[in-house]
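Written out below as structure tokens is the structure these notes cover.
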Amino acid sequence: MPRYLVGRLAGMAGVLLLVCLFTYAVFFLLSPDPAVQVCGKSCTPERIDQIRMNLGLDRPFWTQFLSFLGGLVSGRTYGEGANAVECAAPCLGYSFQSSQSVTDMIWQRLPVSATVAVGAAVLWLLVGVVSGLIGAVKNGTWVDRVMTGLTLGGLSIPNYVLALVLQFVLVVQLQWLPFPQAVPFGEDPGRWFLNFVMPWIVLAVGYAAAYTRLTRANVIDTLQENFLRTARAKGLAPHLVWRRHALRPALTPVVTVFGMDFAGLLGGALITETVFGLNGVGKMAADSIAKNDQPVIMGVTLLAAFFVVIGNVVVDVVYTVIDPRVRVAA
Amino acid sequence: MTSTNRHPTQAGFLEVRDLTVSFPTATGRVDVVSHLDLDLEPGGALGIVGESGSGKSLTSLAIMGLLPDKATRSGTVRLDGEDLTAMPESRLRRVRGDRVAMIFQDPLSSLNPYYTVGAQIEEAYRSHRRGVTRRQAHRVAVEAMERVHIKDAAHRIDHYPHQFSGGMRQRVMIAMALTTEPELLIADEPTTALDVTVQAQILALLQEIRRDTGTALVLITHDLAVVSEITDHIVVMRAGECVERGPVESIFSDPKHPYTQALLDAVPRIDDEIGALRSLTTTGGRP
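Chains A and B, in that order, give the protein sequences.
At the far end of the first sequence sits residue 373, using this note's numbering, and the numbering has no gaps.
At the far end of the second sequence sits residue 288, using this note's numbering, and the numbering has no gaps.
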């Protein structure tokens, strides 16, 4: 097991390095000259050249990439002399538009994104798995058909439409929720919670629908397994057949998908955060794209990739706990 | 109904009468087992043979009350005089796995991959013996594994099904069935998924268990060689019906029904000429 873990972590480091290289190369090749952006409106070609030299943009790709990696590990300084800016480790780049290091910008917004992701995840897991189980038990009945219809709706409705409809119904018409307003948790936890209710629902609906289908299909498959026939032939009561023999194999694939989905969301829920004006990583990414703030876009891309890679490893490790076949092979 | 159906071979312990299992289809209900009678005395061994689709396995599931939801069953299944078909589900569960145990064709898929074989064997025992401690159940499980000749049982008990070979898995299934000392063991194609040498070992094991415990055995197979070795009576099924029944020797020496003759002809013999492939004999009637 420890050897397996070390191997997986080494592999993860390799993948992350490749992701860095690829992302860096994409932005290096495709994005407009950062020096022009730094220079601003009243700019001369000489000034651009000078900035380019100052930031090391005139150096070859590999040299620049290594400086970037160095910044990740031990921080770096952009520019020289009076104009120099510090970027502490792990430095994901520096946004000259915001005069802030990308790491700091992400760090400030990550709690919001994490809150959105965690709340939504709890909601969609509960709703998705429970309704999937109901669908499997009621397989073929009208309950199942209604739920299949609902999941189709949940999968097809776009986030932003649902967000607007919810705001109109819950806030304007029924007035069950207050008008969303940023309130820190420490100030008024109740109000803070209410603010997140709609984002959670909006984000969770699509996932819940997908998880309902996934759970339903897995449970129905598992119920056909021969070992369930064995469990019944042993004389086990139905609830024991379900609890001991059906649920674990049926829900194992859900763990895989959940790990990926949740990790992906930590990199920011772009649409949901933007629609509700939540100052998370997703909204920052959207804003940065609008402003063409290249270091930030790259930083968020790397962050998202980072979470997905970590999520993958976590799922693999969790698998060794829940599935003995993987454990022994590991 | 054929006349053979009305002449039970034995009487007493297991009495199946007029067992019919049917499934709904687009064109109405279809009987997959029809008007079947079976008889087995305590400690006896009955072979049910027939090709795939002849209703053998459904017969065993019908005896256990484990048919799929869509299937309907009629007729009676008496075990020691008690009609299992009239029993409420909760009482039937106390019979299943305790007085009547079952082993299946594919031992790998019949064992839950998520639990150790020990946990699965102990579960079979504990679900029928209220108040036994974990330690007692563990001891019973180790004993059962030793009984089916799994070496190093005390250690192997903590292994998972995928860590066993095919034959060993079937031994685990048999050990699981033995913990409660059942009066009747139903083995549904227990050797079909195994290779030939292992088949012989499992059959020898079943015979040994019969001899030592006095358990009655219903052996379901398409393989006539298998039934000839360990059962004393045979029921030949075809398309859900019994076409012939009787003691093993008389069926092998003097098969009455053309279908039985065809089945016997299909068994490869060691003195067959190599390369001289015989085509299967076709018999008339409903397929």
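Glycine included, each C-beta is placed from N, C-alpha and C at the ideal position.
Note that the structure is predicted; figures quoted are calculated from it, not measured.
Beta-carbon contacts of residue i that lie in its chain and below 7 Å, excluding the five residues immediately before and after
| i | result |
| --- | --- |
| glycine 354 of chain A | Gly302, Met303, Phe305 and Ala306 |
| threonine 10 of chain B | Because threonine 10 of chain B sits at a pLDDT of 43, beneath the cut-off of 50, its placement in the model cannot be relied upon, and the point is left open. |
| threonine 181 of chain B | Gly98, Asp99, Ala102, Ala125, Tyr126 and His129 |
| aspartate 213 of chain B | none |
| arginine 211 of chain B | Ala46 and Leu218 |
| tryptophan 167 of chain A | Ala247, Tyr250, Ala251 and Tyr254 |
| aspartate 366 of chain A | Thr295 |
| phenylalanine 108 of chain A | Leu64 and Tyr67 |
| serine 174 of chain A | Met190 and Thr255 |
Span of the alpha helix (DSSP H), counted from its first residue to its last, around residue i
| i | result |
| --- | --- |
| proline 45 of chain A | 45-73 |
| threonine 184 of chain A | Per DSSP, threonine 184 of chain A belongs to no alpha helix (DSSP H) and is neither H nor E. |
| alanine 142 of chain B | 135-148 |
| methionine 169 of chain B | 167-179 |
| proline 108 of chain B | 108-111 |
| serine 75 of chain B | Premise fails: serine 75 of chain B lies in the beta strand (DSSP E), 73-80, not in any alpha helix (DSSP H). |
| isoleucine 203 of chain B | 197-214 |
| glutamate 129 of chain A | That residue, glutamate 129 of chain A, is in no alpha helix (DSSP H); its beta strand (DSSP E) goes 128-130. |
| isoleucine 353 of chain A | 337-365 |
| threonine 261 of chain B | 259-267 |
| aspartate 304 of chain A | 290-309 |
| valine 318 of chain A | 313-318 |
Member of the options whose CA lies at the smallest distance from the CA of residue i
| i | options | result |
| --- | --- | --- |
| glycine 50 of chain A | A:Asp366, A:Val356 and A:Arg152 | A:Val356 |
| asparagine 97 of chain A | A:Asn126, A:Thr315 and A:Leu72 | A:Asn126 |
| proline 227 of chain A | A:Phe139, A:Ala274, A:Leu237 and A:Trp219 | A:Leu237 |
| glycine 13 of chain B | B:Gly45, B:Thr21, B:Gly51 and B:Val118 | B:Gly45 |
| alanine 201 of chain B | B:Thr222, B:Val227 and B:Arg211 | B:Val227 |
| threonine 73 of chain B | B:Leu80, B:Ile175 and B:Ala63 | B:Ala63 |
| tyrosine 260 of chain B | B:Pro43, B:Gly48 and B:Glu52 | B:Glu52 |
| arginine 140 of chain B | B:Val268, B:Lys152, B:Glu123 and B:Gly56 | B:Glu123 |
| valine 298 of chain A | A:Tyr362, A:Ser142 and A:Val343 | A:Tyr362 |
| glycine 183 of chain A | B:Gly241, B:Asp70 and B:Arg18 | B:Asp70 |
| tyrosine 115 of chain B | A:Arg291, A:Ile94 and A:Asp76 | A:Arg291 |
| glutamine 210 of chain A | A:Asp92, A:Leu346, A:Ser110 and A:Ile244 | A:Ile244 |
| asparagine 335 of chain A | A:Val116, A:Gln140, A:Glu123 and A:Tyr121 | A:Gln140 |
Own chain partners of residue i with C-beta closer than 6 Å, once the 5 adjacent residues on each side are dropped
| i | result |
| --- | --- |
| valine 364 of chain A | none |
| asparagine 261 of chain A | Ala293 and Pro296 |
| lysine 257 of chain B | Glu245 |
| leucine 59 of chain A | Val352 |
| arginine 90 of chain A | Cys82 |
| alanine 164 of chain A | Phe305 |
Contact check, residue i vs residue j, beta carbons under 9 Å
| i | j | result |
| --- | --- | --- |
| alanine 312 of chain A | alanine 160 of chain A | yes |
| alanine 225 of chain A | threonine 315 of chain A | no |
| serine 156 of chain A | leucine 309 of chain A | yes |
| phenylalanine 104 of chain A | methionine 341 of chain A | no |
| threonine 206 of chain B | leucine 186 of chain B | Sequence inspection shows leucine at residue 206 of chain B; the threonine mentioned does not correspond to that position. The answer is no: Cβ separation not under 9 Å. |
| valine 352 of chain A | methionine 55 of chain A | yes |
| tyrosine 161 of chain B | arginine 46 of chain A | no |
| leucine 265 of chain B | leucine 220 of chain B | no |
| arginine 135 of chain B | leucine 179 of chain B | no |
| glutamine 80 of chain A | glutamine 337 of chain A | yes |
| glycine 119 of chain B | isoleucine 158 of chain B | yes |
| phenylalanine 105 of chain B | alanine 276 of chain A | yes |
| leucine 220 of chain A | valine 204 of chain A | no |
| leucine 59 of chain B | alanine 194 of chain B | no |
| serine 79 of chain B | glycine 278 of chain A | Looking at the sequence shown, residue 79 of chain B is not serine but arginine. Not a contact, by the Cβ cut-off of 9 Å. |
| valine 128 of chain A | serine 144 of chain A | yes |
| valine 17 of chain B | methionine 238 of chain B | no |
| isoleucine 151 of chain B | methionine 169 of chain B | yes |
Residues bridged to residue i [DSSP beta-bridge criterion]
| i | result |
| --- | --- |
| valine 227 of chain B | Bridge partners of valine 227 of chain B: none, in fact. |
| aspartate 189 of chain B | B:Ile221 |
| glycine 278 of chain A | Answer by DSSP bridge pairing: none, since glycine 278 of chain A is not bridged. |
| alanine 1 of chain B | Lying before the first or after the last residue shown, residue 1 of chain B is absent from chain B, which here runs from 2 to 288. |
| aspartate 84 of chain B | B:Arg79 |
| glutamine 48 of chain B | A small correction: the amino acid at residue 48 of chain B is glycine; glutamine does not occupy that position in the sequence shown. Bridge partners of glycine 48 of chain B: B:Leu220 and B:Ile235. |
| tyrosine 137 of chain A | A:Ser144 |
| arginine 97 of chain B | B:Val101 |
Range covered by the beta strand (DSSP E) that runs through residue i
| i | result |
| --- | --- |
| valine 17 of chain B | 15-26 |
| glycine 118 of chain A | Where glycine 118 of chain A is concerned, there is no enclosing beta strand (DSSP E), given that its DSSP letter is neither H nor E. |
| arginine 30 of chain B | 29-41 |
| valine 244 of chain B | 242-248 |
| histidine 156 of chain B | From DSSP, histidine 156 of chain B is part of no beta strand (DSSP E) but of the alpha helix (DSSP H) over 154-157. |
Nonlocal neighbours in the same chain, by C-beta distance under 8 Å from residue i, ignoring five residues either side
| i | result |
| --- | --- |
| threonine 21 of chain B | Asp32, Val34, Ser35, His36, Leu37, Arg74, Ser75 and Gly76 |
| leucine 271 of chain A | Thr265, Val284, His288 and Ala289 |
| lysine 326 of chain A | Arg152, Gly311, Leu313, Glu316, Thr317 and Gly320 |
| histidine 163 of chain B | Leu109 and Pro114 |
Chain E residues whose Cβ lies nearer than 7 Å to that of residue i
| i | result |
| --- | --- |
| arginine 94 of chain B | Checking the listed chains, one finds no chain E in this structure; the protein chains it contains are A and B. |
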